[in-house]
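2 protein chains.
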Amino acid sequence: MTETPWDNATFLARLREVGERSYHDKHPFHRLMNRGQLSPEAIRGWVINRFYYQTNIPIKDAAILSNCPHHEIRRLWIYRIVEHDGTQGEEGGIEAWLRLGTACGVPREEMLSGREVVPAVRYAVDAYVHFARTQPWPVAVASSLTELFAPDLMAKRLEAFQTHYQWVELWGFDYFNRRLTQARKDSQGALELTLKYCSTVELQKAAVQALVFKCDLLWAILDGIERKYTPSEPPLTS
Amino acid sequence: MTETPWDNATFLARLREVGERSYHDKHPFHRLMNRGQLSPEAIRGWVINRFYYQTNIPIKDAAILSNCPHHEIRRLWIYRIVEHDGTQGEEGGIEAWLRLGTACGVPREEMLSGREVVPAVRYAVDAYVHFARTQPWPVAVASSLTELFAPDLMAKRLEAFQTHYQWVELWGFDYFNRRLTQARKDSQGALELTLKYCSTVELQKAAVQALVFKCDLLWAILDGIERKYTPSEPPLTS
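From first to last, the protein sequence lines are chains A and B. Those letters in the first sequence? Residues 5 to 242, per the working numbering, in order. Those letters in the second sequence? Residues 5 to 242, per the working numbering, in order.
Rendered as structure tokens:
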């Protein structure tokens with residue numbers, strides 16, 4: 005017997021529950037960041053490592069596109085790639101994040117080299133790309149819903165940087181400014197697709213699990229960054 | 005010892021050789037088409053089956069995008085998806101091919117259903133998508149070079165349709181008209197990327213093989229269509 009799909013309100017509540025429990029806005033590293041308690045080295049480490057995530061987002065979105073057989077849905081999704089990669093005339097999110105690096109004192113070639121990327125960050129990001137390549141496209145779309153759960157994360161971050169990290173050049177904040185409005189548009193669009201195309205209870209459950217997976221990997225990214233760039237426990241004495 | 009890469013002239017000559025030998029402009033079905041010797045049923049069969057190829061092109065291109073780590077190259081490639089899928093304001097190649105179907109008397113829902121697609125066509129097209137998903141992106145790009153070898157194929161086809169198949173509504177030829185200029189732009193762009201990024205002799209050889217593979221699959225598509233829609237040999241007598 006086929007189980008009846010949840011109604012939209014139930015489905016949305018279960019998705020929200022995941023975000024409320026485990027979105028990375030609650031990670032200790034983000035809390036330190038927003039309280040202004042990170043060293044310049046930790047901020048730079050975050051910017052460098054998070055760039056590996058940024059560079060893989062269009063690859064993840066192209067994987068979703070490549071798994072989606074409906075051209076009218078691909079038309080809705082493709083702007084995400086353009087937003088990130090930019091066009092000939094207009095630079096995108098990747099370029100904006102590179103400028104954030106420069107504003108923090110990380111040279112462009114250092115950012116592009118990926119030398120400083122923590123292995124744990126690399127694994128988490130690669131897992132995200134692999135997930136998008138291998139899961140049904142509506143489930144991969146659901147994994148993009150995280151931004152829905154903290155619409156003010158970017159505003160808080162921008163405020164934190166302007167208040168506590170004044171050594172970062174102001175013109176570096178383009179990326180944050182871009183995302184202020186874009187994140188809301190992105191997550192609304194992804195939510196509409198998720199509610200519509202995760203139309204069986206199996207797909208609905210997979211969508212909830214996709215969000216759990218996404219929250220886990222965002223959390224793991226911050227774990228890896230925290231471990232490398234913030235003071236650890238005092239060394240064990242013999 | 006590493007083998008020295010071919011110079012551009014040698015590489016291009018080897019690519020051209022493949023096209024000259026086995027591009028599908030020489031397939032008997034295409035020859036019949038251009039001579040005006042296909043029945044309406046065969047034309048409709050070709051339009052229906054070729055639509056399966058059309059619908060998979062953006063999926064193939066998104067797979068290439070998803071395998072390409074350079075955002076400046078993704079920016080060059082992404083327009084192909086937009087050309088095919090269209091945007092909210094402007095319909096793309098898929099919609100134009102649907103109109104070609106209507107102009108030939110194949111209802112839109114018949115085209116979209118895929119019911120009439122010959123298994124051999126399906127396998128060949130699916131092999132193309134799989135190739136793009138699994139090969140290095142410069143090799144997958146090389147498989148797009150086929151149009152380079154018959155820049156006048158579309159012009160000849162358009163002429164043949166206007167001359168021999170006047171039962172097809174003229175407004176159905178949008179797709180052919182679009183491709184008249186687009187095909188040249190596409191293949192020039194793909195050629196530049198192939199020459200630049202297939203930079204080892206291994207990748208150059210793989211690029212030549214990619215073209216062989218592509219010519220083979222285009223040929224197999226026509227074999228499948230020919231088998232179903234053109235008169236076969238007289239039945240064996242016992």
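Even for Gly, the Cβ is constructed at its ideal location relative to N, Cα and C.
| Check | Outcome |
| --- | --- |
| Against chain A: residues of the stretch 136-156 of chain B by CB proximity under 9 Å | A136 and R137 |
| Within chain A, the residues that B/P62 reaches when beta carbons sit closer than 7 Å | H75 and R78 |
| Proximity test, Cβ basis, 8 Å: B/Q166 and chain A | no |
| Nearest residue (CA-CA) to B/K30, options B/S236, B/A224, B/R48 and B/K232 | B/A224 |
| Top-ranked residue by Cα proximity to B/F55, from B/R183, B/L116, B/A187 and B/L162 | B/L116 |
| Closer than 9 Å at the beta carbon, the chain A residues around B/S70 | P62, I63, K64, D65, A66, A67, I68, L69, S70, V133, A136 and R137 |
| Test item: CB-CB of A/L195 and A/L149 under 8 Å | yes |
| Stretch pair the stretch 25-43 of chain A + the stretch 100-113 of chain A: three plus CB contacts closer than 8 Å | no |
| Distance CB(B/H143)-CB(B/L207) smaller than 8 Å | Reading the sequence as shown, one finds Val at residue 143 of chain B and not His. Cβ atoms of B/V143 and B/L207: closer than 8 Å. |
| Partner residues on chain A for B/I52, Cβ-Cβ distance less than 9 Å | Correct list: empty, because the minimum Cβ distance to chain A is about 17 Å. |
| Element boundaries [alpha helix (DSSP H), containing A/L236] | Contrary to the premise, residue 236 of chain A reads as Ser rather than Leu in this sequence. Segment: none, A/S236 is in no alpha helix (DSSP H) and carries neither H nor E. |
| B/Y201 and B/L104 closer than 8 Å at C-beta | no |
| Burial state of A/Q92 (16 or more Cβ within 10 Å) | exposed |
| Contacts that A/V129 makes with chain B (C-beta to C-beta distance below 8 Å) | Per Cβ cutoff of 8 Å: no residues; A/V129 is ~12 Å from chain B at best. |
| Per-residue DSSP class, three states only, for B/V122 | coil |
| Length of the line joining the Cα atoms of A/T138 and B/Q41 | 45 Å |
| A/W50 classed as buried or exposed, judged by whether at least 16 other C-beta atoms fall within 10 angstroms | buried |
| Interface positions of the stretch 88-108 of chain A facing chain B (Cβ-Cβ less than 9 Å), listed along the chain | H88, D89, G90, T91, Q92, G96, I98 and E99 |
| Min CB distance A/V86 to chain B below 8 Å | yes |
| Partner residues on chain A for B/I82, Cβ-Cβ distance less than 8 Å | I82, I85, V86 and D89 |
| The stretch 226-235 of chain A / the stretch 115-134 of chain B touching (three or more Cβ pairs under 8 Å) | no |
| Run of the alpha helix (DSSP H) containing B/R79, from where it starts to where it stops | H75 to W81 |
| C-beta atoms of B/C219 and B/S26 nearer than 8 Å | yes |
| DSSP three-state assignment for B/S43, whether helix, strand or coil | coil |
| Whether B/A66 touches A/A66 by CB criterion (8 Å) | yes |
| CB of A/L80 within 8 Å of CB of A/S147, strictly | no |
| Through-space distance from B/E45 to B/F165, alpha-carbon basis | 14 Å |
| Contacts around B/L197, its chain only, beta-carbon distance under 6 Å, and the 5 residues preceding and following it disregarded | V145 |
| Own chain, CB closer than 7 Å to A/K160, minus 5 neighbours either side, in chain order | N38 |
| Candidates A/K209, A/L222 and A/L221, of which the one nearest A/E7 by Cα | A/K209 |
| First and last residue of the uninterrupted alpha helix (DSSP H) at B/T14 | N12 to S26 |
| Beta carbon of B/F33 nearer than 8 Å to that of B/L226 | yes |
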